[in-house]
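J.: Residue numbers (the numbering used here), protein chains in the order written: chain A, 6 to 299; chain B, 2 to 280; chain C, 7 to 439.
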Amino acid sequence: MKKRKKLIPWLQSMPAMILIAIIIVFPVLYTGYISLTNMNLYHWFDFKVIGLSNYARALTKVDSGFLSALLTTILWTVFNMVIQVSAAFFIALGLNTEGLKIGRIYKTLLMFPWAMPSYISILLWRVGIFNTEFGLVNKVLVSMGLEKVNFLSRNVPAFLSCMVLNLWMALPFMIMTIDGALQSIDKSSYESAQMEGAGFWAKHFHITVPALRVVIMPAVIMTTFTTFKQFDIIYLLTMQKGALSGASLQTIITYAHQNAFVSNNYGLSSAVSIIIFGIIILFSLWTNRSIKED
Amino acid sequence: MKKIKKTIQLTFLHVFYIILCFVGMIPVLYAFGLSLSGSGGALSSDLSLFPDKPSFENYYRIIVEEPFLLWFKNSIILSVGTMIAAISFGTLAAYAFSRYRFKGRRTVLNMLLLLNAFPQILSMFALFRLFKNMGLLNSRPGLILIYAGSMCIFSIWNLKGYFDTIPIEIEEASKIDGASDFKMLWKIIMPLAMPAVIVTSVMVLIFVWNEYLFATTFMLSENSYTLAGGLYQLQADDYSRSWPLFSAAAIMVSLPILVIFFCIQKYMVSGLTAGGVKG
Amino acid sequence: MKRILSMIVCGCLAAGMLTGCGSRNNVADTAQEAGGAEEENTVEAVENTEVPGEETEPVEVKIWHDGDEAIMGKIEATVNEALKDQQISISFEKKSGLTDQLQLYGNDAANGPDLYFYAHDTLGTFVEMGIAAPISDVAGEDVFSGLLPMTVEAGTYKDVQYFMPVYFETLLFMYNKALWEGEVPETTEELYAYMEAHTDTGAGTYAVVNQHSTAYNVAPFINGFGGAVIDKNGQPGLNLAQTIEAVEYNKKFAALQADGDYNTVTTLFNEGKAAAIIGGPWLVSGIKEAGIDLGIKSLSDFKLPNGNGLAPFSGVQGVGVLKHAVDEKKDAIAQVLKVMAGREVGEALALGSNCAPANMEAYANPEVEANEMIIAIKETAETAQPMPNIPEMSVMWGPAEGLLAAVNKSGEDVKTAAERCQQDALTAIADMQ
Chain A
6 MKKRKKLIPW
16 LQSMPAMILI
26 AIIIVFPVLY
36 TGYISLTNMN
46 LYHWFDFKVI
56 GLSNYARALT
66 KVDSGFLSAL
76 LTTILWTVFN
86 MVIQVSAAFF
96 IALGLNTEGL
106 KIGRIYKTLL
116 MFPWAMPSYI
126 SILLWRVGIF
136 NTEFGLVNKV
146 LVSMGLEKVN
156 FLSRNVPAFL
166 SCMVLNLWMA
176 LPFMIMTIDG
186 ALQSIDKSSY
196 ESAQMEGAGF
206 WAKHFHITVP
216 ALRVVIMPAV
226 IMTTFTTFKQ
236 FDIIYLLTMQ
246 KGALSGASLQ
256 TIITYAHQNA
266 FVSNNYGLSS
276 AVSIIIFGII
286 ILFSLWTNRS
296 IKED
Chain B
2 MKKIKKTIQL
12 TFLHVFYIIL
22 CFVGMIPVLY
32 AFGLSLSGSG
42 GALSSDLSLF
52 PDKPSFENYY
62 RIIVEEPFLL
72 WFKNSIILSV
82 GTMIAAISFG
92 TLAAYAFSRY
102 RFKGRRTVLN
112 MLLLLNAFPQ
122 ILSMFALFRL
132 FKNMGLLNSR
142 PGLILIYAGS
152 MCIFSIWNLK
162 GYFDTIPIEI
172 EEASKIDGAS
182 DFKMLWKIIM
192 PLAMPAVIVT
202 SVMVLIFVWN
212 EYLFATTFML
222 SENSYTLAGG
232 LYQLQADDYS
242 RSWPLFSAAA
252 IMVSLPILVI
262 FFCIQKYMVS
272 GLTAGGVKG
Chain C
7 MKRILSMIVC
17 GCLAAGMLTG
27 CGSRNNVADT
37 AQEAGGAEEE
47 NTVEAVENTE
57 VPGEETEPVE
67 VKIWHDGDEA
77 IMGKIEATVN
87 EALKDQQISI
97 SFEKKSGLTD
107 QLQLYGNDAA
117 NGPDLYFYAH
127 DTLGTFVEMG
137 IAAPISDVAG
147 EDVFSGLLPM
157 TVEAGTYKDV
167 QYFMPVYFET
177 LLFMYNKALW
187 EGEVPETTEE
197 LYAYMEAHTD
207 TGAGTYAVVN
217 QHSTAYNVAP
227 FINGFGGAVI
237 DKNGQPGLNL
247 AQTIEAVEYN
257 KKFAALQADG
267 DYNTVTTLFN
277 EGKAAAIIGG
287 PWLVSGIKEA
297 GIDLGIKSLS
307 DFKLPNGNGL
317 APFSGVQGVG
327 VLKHAVDEKK
337 DAIAQVLKVM
347 AGREVGEALA
357 LGSNCAPANM
367 EAYANPEVEA
377 NEMIIAIKET
387 AETAQPMPNI
397 PEMSVMWGPA
407 EGLLAAVNKS
417 GEDVKTAAER
427 CQQDALTAIA
437 DMQ
């Protein structure tokens, strides 16, 4: 009887686990297998296992360029996540103010960036907002009598531009998550705090934030991973073939792409992928520890 | 006095949100303006959001000249299918992880999180090989499998986080009444966790709606593309892109999502805090 | 007991979910099959009405492309018309990122295409991967007899012909007759002087615009100076003295050519804010819609300070045969290639889309002969170099563009950037093995 009870949770999670095993775990294992072979342009169908030599080559790519890409990636992740979570928190909090009748319309409009396919948004921003000749920002600058600015040609402005775009694209999800999480907070706890004379900040700091933390943590962690491995924005905005913008911004994913993937050497690029996967795991274990120490 | 303060506060909030929405919508308005500029229209270096002679020609062209409705149907089938699979599998697993304390629970949860860190673009080749052998290429179930699998970890974690906040006493009360696990999950937990279920469903829906790489690689004929995939095929490279058409399409792809979002919002209230049951 | 019950329920639920999912999938499946069947039926129906009672089985040849749908449509119509009696038809399907797609589907007889239609510079990649078949496997040498030798050469890899040219392109100097003042200059120095006098970057009006940081568009300078992006043996030439000289020379032009992004330069020209653009026939439809009176001059008519003309790459567009298709549809493909190489397709493309056909006879048509653009492309192609088609070329675009962007947009020193990008290119090539 007791043994059976132990099986229940496994039975319940079985369908999900099988699905994950096929779609997520299998590709990781397969990539691991390919990384041990010499699969490349010249051995496309007749590749064979050659051992660890791809890893030896992949490790030579962990050079200064890689380290600076790693640093950029960490900065990118931290800045984005801090701004994203805090901005979304205040926006969602305001939307839940009692008496704000048309909050639903605001919420819907705020979701728009999320509803657009990402490559469309990125192209629209590249041409419609940042472009030197007819980007909106530059049109405004020119009409105010200022100089045109090429936002994407140097690293710092390009980094900031990518960040603005990432925030624009990612905020809706965070707002919605926090908005949903706010619904789980028992309103009566506010009433008692109010009676004790707690102000806005005290109230939210002591009640809202701790309550939210538990609920939104999964979403925040997932978004952190997504931000960490963000590829589309930086690639399409600054380094698309035929539209290199001049900035040499690299995150570890774009770095790996540029240094391993363009060469169509699947063995080598799989080895690079596995190494990056390892780095992400280390990175998350480290952040996990520091969160716990808080 | 208090009322006046409240009114001032609300007015301030309205102003803030109107500005925020406007700023957030600028790129969208830009696209909308562009989409109205007729077939001959193009990008322009003049500072104006809307063309002099607006026309809906581009919208008409998309609906009539491209298999838009077919793509729309494909998008709906795929995203609803994925949503059902991912949410039902995810809910079951999330409930198990939230309510039972068993050996390996933490380990599995953490492993799932780490697996989520594997860049999905790398999975393409492996999945291609697998699906080719299984005969799942160019089939909707195959694509649904991929999408559901990709979103499953997210669903489990996100739902589990919310389930954790629901007091166990509520369940215990109904257990005494003799309700089974499944019944309890369906009748009590799900309504209580409505906001999380909605957030997760919308996330899954939008993910599928906007995905284009798998949609165009695993589906082979033009007629089986999704909206995002079809538009990507049509407009992916600079040389073949018509900007007015492209932006009209962008707007049209996004609108259904917004309508859905607007409609479901009123359900975004937890049974728990709405006053039904209290812990 | 209750626990056992709940467990059973749970199991049923899981099973239910699975079967529920299964049956839903089946519905989708059959719907799709029905859709597919419908399609086939209509195709068959059309073919059946064409040749009733014919014994030969109708054959459909599937072609993937990543190009202009209007051009593909013209080829499709012409070929299908010509091969109607033989029950052979072709159908084009657009696939963005064709190289990536063919890496997956290139040997997939069930799902992949039979032929592909693409520019010739990816040829080496497909051959080394082992998916492209020599043309001689399906058709005799005589299919090439009526084609321009330059285009045939472009389709040769390691002395074997793997590619059947259909039309070709080069960059041209295209100007707005209403905006250009006086004669178009004969030398690049005069052109530069004109640009200096007629460009106002602040106001957003330009004399000449070019995608000054893409390798394809700067190749006229690099080749003209005697430099190279990559040589025939796969050795990158980014740090050659001549290449560096060319990039340095291009830099002063780039400073007067806006930001060089495709969307930017074409819009400037179509809006009448740039008097001239360096571009190709693919721009013509947009220019016509904008109502611009277009003038054309071959780039090889501009003399560089060293006395050479500008020497753009020529890009040949055509079809390749995938290996798996040779066994199944050999005869049909042979017929299709023959028609594609023929005069009719050449004329249709020339008259309908301003493409310069690979077929020489097509030029005998007086209308083709009178087409200023086609004649300019043909003239340029006589001195132009075909883009290299070795696999190494596919990794060269990145480093070459990196060099140009670093010099033109980030203000990096040409020599250091050239050394760095040369190194990147060498690494990328080494990584291929």
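C-beta atoms are modelled at their ideal positions from N, C-alpha and C, and glycine is treated no differently.
These numbers were taken from a predicted model, which means no experiment stands behind them.
How many Å lie between VAL327(C) and LYS344(C) at the Cα?
T.: Taking the straight line joining both Cα atoms gives about 13 angstroms.
J.: In chain A, which residues lie with their C-beta within 8 angstroms of the C-beta of PRO245(B)?
T.: Going along chain A, no residue has its Cβ under 8 angstroms from PRO245(B), so there is no contact; the nearest lies around 12 angstroms.
J.: Apply the 10 Å Cβ neighbour rule to LEU308(A) and answer buried if 16 or more other Cβ atoms are within range, or exposed otherwise.
T.: Since the first and last residues shown for chain A are 6 and 299, residue 308(A) lies out of range.
J.: Can you give me the C-alpha to C-alpha distance between ASN134(B) and GLY143(B), rounded to a whole angstrom?
T.: Approximately 12 angstroms, taken between the alpha carbons.
J.: The alpha helix (DSSP H) that contains HIS330(C), what's its start and end?
T.: Per DSSP, HIS330(C) belongs to the alpha helix (DSSP H) from 329-346.
J.: For ALA209(C), which option in GLU251(C), ALA234(C) and GLN263(C) has the closest C-alpha, if you only look at C-alpha atoms?
T.: Considering only alpha carbons, the answer is GLN263(C).
J.: Counting Cβ pairs, one atom from each stretch, are 3 or more of them under 8 angstroms apart for the region 380-394 of chain C and the region 310-319 of chain C?
T.: Cβ pair count under 8 angstroms is three or more, so yes.
J.: Using the rule of at least 16 other Cβ atoms within 10 Å of the residue's Cβ for burial, across every protein chain shown, is GLU189(C) buried or exposed?
T.: Exposed.
J.: Taking Cβ positions only, does LYS421(C) come closer than 9 angstroms to chain A?
T.: LYS421(C) does not count as touching chain A.
J.: Can you tell me whether DSSP reads VAL322(C) as helix, strand or coil?
T.: Looking at VAL322(C) - three-state DSSP - the assignment turns out to be strand.
J.: Residues of chain C with CB closer than 7 angstroms to the CB of LEU249(A), please, in chain order.
T.: Going along chain C in sequence order, the residues near LEU249(A) (Cβ under 7 angstroms) are SER219, GLU407, GLY408 and ALA411.
J.: My understanding is that ASP265(C) touches ASN155(A), with C-beta atoms under 8 angstroms, so please give their C-beta distance in whole angstroms.
T.: Contact flag correct, Cβ pair sits at about 6 angstroms.
J.: Who are TRP124(C)'s beta bridge partners in DSSP?
T.: The displayed chain sequence assigns Tyr, not Trp, to residue 124(C). DSSP output for TYR124(C) lists GLY324(C) as bridge partner(s).
J.: I'd like to check one pair, TYR124(C) with LEU110(C): are the Cβ atoms closer than 9 angstroms?
T.: Result no, Cβ atoms of LEU110(C) and TYR124(C) do not sit closer than 9 angstroms.
J.: Contact criterion: CB-CB distance below 9 angstroms. Does PHE236(A) meet it with respect to chain B?
T.: Answer yes: the Cβ-Cβ gap between PHE236(A) and chain B drops below 9 angstroms somewhere.
J.: Checking contacts by CB at 9 angstroms: is MET269(B) closer than that to chain A?
T.: Yes, contact with chain A.
J.: Just mark ARG100(B) as buried or exposed, buried being the case when its beta carbon has 16 or more other beta carbons within 10 Å.
T.: Label assigned to ARG100(B): buried.
J.: List, in chain order, every chain A residue whose beta-carbon is nearer than 7 angstroms to that of ILE258(B).
T.: Near ILE258(B) (Cβ distances below 7 angstroms), the residues of chain A are ALA120.
J.: Classify GLN167(C) as helix, strand or coil using the three-state DSSP reduction.
T.: Strand, per DSSP.
J.: Where do the N-terminal and C-terminal ends of the alpha helix (DSSP H) with VAL142(A) fall, by residue?
T.: Start and end: 141-148.
J.: Between PRO22(A) and LEU123(B), what straight-line distance do the alpha-carbon atoms span, to the nearest angstrom?
T.: Just to set this straight, residue 22(A) is Met in the shown sequence, not Pro. So the alpha carbons of these two residues sit roughly 20 angstroms apart.
J.: With distances taken between CB atoms, is the gap from GLN89(A) to ALA163(A) smaller than 9 angstroms?
T.: Result no, Cβ atoms of GLN89(A) and ALA163(A) do not sit closer than 9 angstroms.
J.: State whether the region 211-225 of chain C contacts the region 182-202 of chain C, with contact taken as three or more CB pairs (one from each stretch) at a distance under 8 angstroms.
T.: Yes, the region 211-225 of chain C touches the region 182-202 of chain C.
J.: Given 8 angstroms as the limit, is there contact between the region 94-108 of chain C and the region 370-385 of chain C, that is, 3 or more CB pairs closer than that?
T.: Result no; under three Cβ-Cβ pairs closer than 8 angstroms.
J.: Taking the alpha carbon of LEU367(B) as the reference point, which residue from LYS246(A), TYR260(A), GLY140(A) and THR102(A) has its own alpha carbon closest?
T.: No statement about residue 367(B) is possible, as the shown extent of chain B runs from 2 to 280 and does not include it.
J.: If you draw a straight line from the C-alpha of PHE178(A) to the C-alpha of GLU99(C), how long is it?
T.: Cα to Cα, the separation comes out at about 36 angstroms.
J.: If contact is defined by three or more beta carbon pairs under 8 angstroms, each pair taking one atom from either stretch, is the region 109-120 of chain A in contact with the region 162-181 of chain C?
T.: No, they do not touch.
J.: Pull up the CB-CB distance for ILE212(A) and SER194(A), whole angstroms please, since I reckon it's below 8 angstroms.
T.: At roughly 5 angstroms, the Cβ-Cβ gap stays under 8 angstroms, so ILE212(A) and SER194(A) are in contact.
J.: Between MET19(A) and ILE154(B), what straight-line distance do the alpha-carbon atoms span, to the nearest angstrom?
T.: Roughly 13 angstroms between the two C-alpha positions.
J.: At 4 residues or longer, and completely inside the region 95-159 of chain C: list those alpha helix (DSSP H) runs for me, N to C.
T.: 104-111 and 129-135, all fully within the region 95-159 of chain C.
J.: Considering Cα atoms alone, identify which of THR36(A), LEU75(A) and ASN171(A) is closest to ARG130(B).
T.: Ranking THR36(A), LEU75(A) and ASN171(A) by Cα distance to ARG130(B) puts THR36(A) first.
J.: What does DSSP give as the partner residues of PHE174(C) in its beta bridges?
T.: VAL322(C) and ALA362(C), per the DSSP bridge assignment.
J.: Going by alpha carbons, who is nearest to PHE179(C) out of ILE94(C), ILE283(C) and ASP148(C)?
T.: Measuring from the Cα of PHE179(C), the nearest candidate turns out to be ILE283(C).
J.: Starting from ASN269(C), find everything on chain A with Cβ-Cβ shorter than 7 angstroms and list it in chain order.
T.: Those are VAL132, listed as they occur along chain A.
J.: Here's a check: name, in chain order, each residue in its chain whose Cβ is nearer than 7 angstroms to the Cβ of LEU138(B), leaving out the five neighbours to either side.
T.: So the qualifying residues of the chain are PHE132 and PHE219.
J.: How about ALA340(C) and ALA356(C): are their beta carbons less than 9 angstroms apart?
T.: No, the Cβ-Cβ distance between ALA340(C) and ALA356(C) is not below 9 angstroms.
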